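Trainee: For the record, the sequence lines run as chains A and B.
If you're matching positions, the first sequence starts at 1 in the working numbering and goes up one per residue.
If you're matching positions, the second sequence starts at 1 in the working numbering and goes up one per residue.
There are 2 protein chains.
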Amino acid sequence: MAAEQPGTTSDGAAVGAPDDLPLAGVLVLDLSQFLAGPVAALRLADMGARVIKVERPRTGEIGRTLAFAGRWRDGDTLSFHAMNRGKESVVADLKDPEDLAAVRALVERADVVVQNFRPGVMERLGLDFATLRELNPRLVYASASGYGAEGPWASRPGQDLLAQSVSALPWVNVGGVSGSGERPVPVGLALADHLLSCHLAQGVCAMLVRAARTGVGGLVESSLLEGVLDLGSELLTARLNGGPVPPSVGPHSAHGWLPAPYGTYPTADGHLSIAMAPVDLLGRLLDEPVLAGLTDPDEWWSRRAEVEKRIADVLATAGTDHWLTVLDAADVWCAPLLDLEQLLAHDAFAALGMTQEVRRPGREPGEPDVAVATVRSPLRVDGVRPGDPWAAPRLGEQGHVRDAAALLAGRPDRAAGSP
Amino acid sequence: MAAEQPGTTSDGAAVGAPDDLPLAGVLVLDLSQFLAGPVAALRLADMGARVIKVERPRTGEIGRTLAFAGRWRDGDTLSFHAMNRGKESVVADLKDPEDLAAVRALVERADVVVQNFRPGVMERLGLDFATLRELNPRLVYASASGYGAEGPWASRPGQDLLAQSVSALPWVNVGGVSGSGERPVPVGLALADHLLSCHLAQGVCAMLVRAARTGVGGLVESSLLEGVLDLGSELLTARLNGGPVPPSVGPHSAHGWLPAPYGTYPTADGHLSIAMAPVDLLGRLLDEPVLAGLTDPDEWWSRRAEVEKRIADVLATAGTDHWLTVLDAADVWCAPLLDLEQLLAHDAFAALGMTQEVRRPGREPGEPDVAVATVRSPLRVDGVRPGDPWAAPRLGEQGHVRDAAALLAGRPDRAAGSP
Chain A
1 MAAEQPGTTS
11 DGAAVGAPDD
21 LPLAGVLVLD
31 LSQFLAGPVA
41 ALRLADMGAR
51 VIKVERPRTG
61 EIGRTLAFAG
71 RWRDGDTLSF
81 HAMNRGKESV
91 VADLKDPEDL
101 AAVRALVERA
111 DVVVQNFRPG
121 VMERLGLDFA
131 TLRELNPRLV
141 YASASGYGAE
151 GPWASRPGQD
161 LLAQSVSALP
171 WVNVGGVSGS
181 GERPVPVGLA
191 LADHLLSCHL
201 AQGVCAMLVR
211 AARTGVGGLV
221 ESSLLEGVLD
231 LGSELLTARL
241 NGGPVPPSVG
251 PHSAHGWLPA
261 PYGTYPTADG
271 HLSIAMAPVD
281 LLGRLLDEPV
291 LAGLTDPDEW
301 WSRRAEVEKR
311 IADVLATAGT
321 DHWLTVLDAA
331 DVWCAPLLDL
341 EQLLAHDAFA
351 ALGMTQEVRR
361 PGREPGEPDV
371 AVATVRSPLR
381 VDGVRPGDPW
391 AAPRLGEQGH
401 VRDAAALLAG
411 RPDRAAGSP
Chain B
1 MAAEQPGTTS
11 DGAAVGAPDD
21 LPLAGVLVLD
31 LSQFLAGPVA
41 ALRLADMGAR
51 VIKVERPRTG
61 EIGRTLAFAG
71 RWRDGDTLSF
81 HAMNRGKESV
91 VADLKDPEDL
101 AAVRALVERA
111 DVVVQNFRPG
121 VMERLGLDFA
131 TLRELNPRLV
141 YASASGYGAE
151 GPWASRPGQD
161 LLAQSVSALP
171 WVNVGGVSGS
181 GERPVPVGLA
191 LADHLLSCHL
201 AQGVCAMLVR
211 AARTGVGGLV
221 ESSLLEGVLD
231 LGSELLTARL
241 NGGPVPPSVG
251 PHSAHGWLPA
261 PYGTYPTADG
271 HLSIAMAPVD
281 LLGRLLDEPV
291 LAGLTDPDEW
301 WSRRAEVEKR
311 IADVLATAGT
321 DHWLTVLDAA
331 DVWCAPLLDL
341 EQLLAHDAFA
351 ALGMTQEVRR
361 PGREPGEPDV
371 AVATVRSPLR
381 VDGVRPGDPW
391 AAPRLGEQGH
401 VRDAAALLAG
411 RPDRAAGSP
């Protein structure tokens, strides 16, 4: 895979100076761990903020050693690399009063703090929002939890699979309900964490707009569960207004409340998805006379299982490319179901320019850089996808928090440009 | 379901004045349709922005009549209600030069434009970023597409299921690859659209920070596919650095690259999820001697299928509540797999205060308000979840775009407070 060079556009033009990025000049202290908090801070870094991780001595934040265990680069997990590129790292023992004082001094200079400790921890350390706003009234403070600060689940472990599990999403994915015999299928990626990271980053940016207008910061909070519930806002709204429980669906439907043909279908050599399309048109294209006669859209809903079965029977008789040609010609909305290797091999993936290679300088002078291939921001700013040549920092790469004054005097180790 | 009253905190305290919201004073023109664009604008509305939808005459934006077909309230789909609460609506025929001039006059006064037409449409109308920035250099312009502006997929239909299908996610969810015999399972909600709405809202807020600093707006872009790829950043980073293709997994695993017991398990009366946990501890808690003897974490990975089968065999012998009690007592991270009805009935859902009732005034004086139950922002700002009492607008509720000057002179219909 040819990783697009950081610092350039897809057609090779140079990226504008970092001052052009939206959050240039914004200082973020990332006190968070593992996923939602660090990725929120990463999104701010991608928009041009300077992000300094404050990590415990010796082991650093837990994401350095946990997650996708066994896949490492230069002493850190690849997950950590993916979530912390472009950041800096200082070490602080939050149980040491002198270190804590140094962290508080750093807070006085910061624009944003991101944290996702369990409820109560920051209060005990004196690093909660109410305390820190006294030090710095402009401070924007982002706080992440599993299930909010109150209620019966507030103290339960805030973990992605568990938040998905109580959100009903694994049942929604298969169009089933508890006891119906289907196997619930959670999303096989850290969806709740990622949604939360998006909401926190957006909330922080909105609060920075207010801070620019009023000079006053504030507190923004969300949780894993709130992020997944927000994803279900259409479904919840339908249900809260007396909509029926979505009926169980057959093996093809990809949405509990959408009529046929919306779903996925095996072909002779793969799988095909079809979104909204008139069933009678589909019947003519597939040469299936019963479907061709189904001109009443109500029947696309009421006879969904039968309709989908008939579509599946025809699609199984030829390969995916054949059906794409037939359906594309009639503007039926369809797509192949690619797996990871098929996606990575596709020209369309390369055309997005979503990958980059970042680098960490060798430990000793003369030692070669450590290179990590990873992804980039999903956003383009002024036509350019932000890129940063720096990999995730080594633990304490920018020193000890007690030397924060020197740290903030400049970014000497990064001033020389691309590593 | 007791919907939390808008305008109050979960403990009943009054919400601060709208001026306290982060984006108070920000004017957003929502030229977008259906999901990603409108929900991005909704996120800005939740942060205090004034959002005016610009809609075609007679039919309005397509989301008024499409999606979750058959579930309506007062002439609009419930999906439309969910995505457009708190907005205003003016009518404009973008093919009419006079209307177009009025829209451009509105742009001069706006801070943000959100659009998700197919590539090329806005250029033909003269409403593209390059043209509008000449009218208003502070303008932030958010543009959404299916697969980016370039590459082999740029002109394919930008639709949620189709973007999921090419992203590899339906295979990742089941830990399978094309041809392996599993059935790929897409997320049964509009995940790609929702992720895109998050990225656009965050990008817009970041650009507003820059506009406050420099006086200059800019362009922010993303796509359905980029949002789903961003969700897969951990997986992609592992793969791009030479990680193996995730092996196919058994019927319990909820993550291709995490060891046992990470997954979902049927119990005697439901399902249970278990996240990361030591298998030997689990073996002791479940009284399963083989598992109790598995002290080598490498075996939790290499013997995953067998380990998960043994866990499943024991969990099937008693009910979910029994196992929750056993596992909670030992701090094993677990949760029940709730379906939608179980979630809605749970005190923890009510405690989040994620629901609200919004209202649309009756069509004639004296006619009762139309009430819609829906969800609220996943964010809390200064400890309070933003609430707005207004439902989605009727088409053209704020009049014709040619009367935009009068519209902007105030929000007379909303000045009286809660409907």
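Quick reminder that beta carbons are idealized off the backbone N, C-alpha and C, glycines included.
Given the structure is predicted, the values throughout are model-derived calculations rather than measurements.
(1) Quick one: Cα of residue 62 of chain B to Cα of residue 109 of chain A, how far?
(2) So what does DSSP say about residue 249 of chain A, is it helix, strand or coil?
(3) Please list, in chain order, the chain B residues whose beta carbon lies closer than 9 Å to that of residue 173 of chain A.
(4) Let's see if you can read the secondary structure: which residues bound the alpha helix (DSSP H) around residue 165 of chain B?
(5) Name the chain B residues that come within less than 8 Å of residue 323 of chain A, Cβ to Cβ?
(6) When you compare the CB of residue 100 of chain A with every CB in chain B, is at least one pair closer than 8 Å?
(7) Taking only three categories from DSSP, how would you classify residue 223 of chain B?
(8) Residues in its own chain within less than 8 Å of residue 11 of chain A by CB, not counting five upstream and five downstream?
(9) For residue 308 of chain B, which of B:324, B:47, B:260, B:350 has the nearest alpha-carbon?
(10) Note down, one range per segment and in chain order, each alpha helix (DSSP H) of at least 4 residues found wholly within the stretch 308–361 of chain A.
(11) By the 10 Å Cβ neighbour count, where 16 or more other Cβ atoms means buried, how is residue 164 of chain B classified, buried or exposed?
(12) In the DSSP assignment, find the beta strand (DSSP E) that holds residue 54 of chain A and state where it starts and stops.
(13) List the residues of chain B that residue 71 of chain A touches, going by C-beta distances under 8 Å, in chain order.
(14) How many angstroms separate the CA atom of residue 365 of chain A from the CA atom of residue 397 of chain A?
(15) Could you tell me whether the Cβ of residue 406 of chain B comes closer than 8 Å to any Cβ of chain A?
(16) I want to see whether chain B comes within less than 8 Å of residue 317 of chain A, judged by CB atoms only; does it?
(17) Please name the residue in B:329, B:277, B:331 whose C-alpha comes closest to that of residue 311 of chain B.
(18) Taking three-plus beta-carbon pairs below 8 Å as touching, is the stretch 202–209 of chain A in contact with the stretch 143–153 of chain A?
(19) Does the stretch 120–127 of chain A come into contact with the stretch 322–342 of chain B, if we say contact requires no fewer than three beta-carbon pairs (one atom in each stretch) closer than 8 Å?
(20) Taking the alpha carbon of residue 224 of chain B as the point to measure from, which residue in B:197, B:288, B:330, B:391 has its own alpha carbon closest?
(21) For residue 409 of chain A and chain B, any beta-carbon pair shorter than 8 Å?
(22) Answer yes if the stretch 132–146 of chain B comes into contact with the stretch 232–244 of chain B, meaning at least three C-beta pairs across the two stretches below 8 Å, and no otherwise.
(23) Within 10 angstroms of its Cβ, does residue 135 of chain B collect 16 or more other Cβ (buried), or is it exposed?
(24) Taking the beta carbon of residue 329 of chain A as the centre, do at least 16 other beta carbons fall within 10 Å, making it buried, or is it exposed?
(25) With three or more C-beta pairs closer than 8 Å as the rule, is the stretch 50–60 of chain B touching the stretch 381–397 of chain B?
(26) Ignore the nearest five residues each way along the sequence and tell me which others in residue 369 of chain B's own chain have a CB closer than 8 Å to its CB.
(27) Is residue 30 of chain B helix, strand or coil by DSSP?
(28) When we look at the beta-carbon of residue 404 of chain A and count the other beta-carbons within 10 Å, is it buried (16 or more) or exposed?
(29) Nearest CA to the CA of residue 107 of chain B: which residue from B:46, B:28, B:86?
(30) With 8 Å set as the bound, which would you pick, yes or no: does the beta-carbon of residue 366 of chain B sit closer than that to a beta-carbon of chain A?
(31) Is residue 214 of chain B helix, strand or coil when you go by DSSP?
(32) Using three-state DSSP, classify residue 76 of chain A as helix, strand or coil.
(33) For chain B, find out if any of its Cβ atoms is closer than 8 Å to the Cβ of residue 122 of chain A; answer yes or no.
(34) Are the CB atoms of residue 169 of chain A and residue 114 of chain A within a distance shorter than 8 Å?
(35) From residue 16 of chain B to residue 262 of chain A, what distance separates their C-alpha atoms?
(36) In this structure, does DSSP put residue 272 of chain A in helix, strand or coil?
Mentor: With the structure as the only source:
(1) 48 Å
(2) coil
(3) 173, 185, 186, 187, 188, 189
(4) 160–167
(5) What residue 323 of chain A touches in chain B: nothing, since even the nearest Cβ is about 13 Å away.
(6) no
(7) strand
(8) Bear in mind that the predicted position of residue 11 of chain A carries a pLDDT of just 38, short of 50, making it unreliable; the figure below should be weighed with that in mind. No residues qualify anywhere along the chain.
(9) B:260
(10) 320–329, 340–344, 347–352
(11) buried
(12) 50–55
(13) 238, 241, 243, 257
(14) 14 Å
(15) no
(16) no
(17) B:277
(18) no
(19) no
(20) B:197
(21) no
(22) no
(23) exposed
(24) exposed
(25) yes
(26) 359, 360, 361, 362, 419
(27) strand
(28) buried
(29) B:28
(30) no
(31) helix
(32) strand
(33) no
(34) no
(35) Because the pLDDT of residue 16 of chain B is 43, which lies under 50, any placement of that residue in the model is unreliable, and the number read from its coordinates should be weighed accordingly. If you take the alpha carbons of residue 16 of chain B and residue 262 of chain A, they lie about 44 Å apart.
(36) strand
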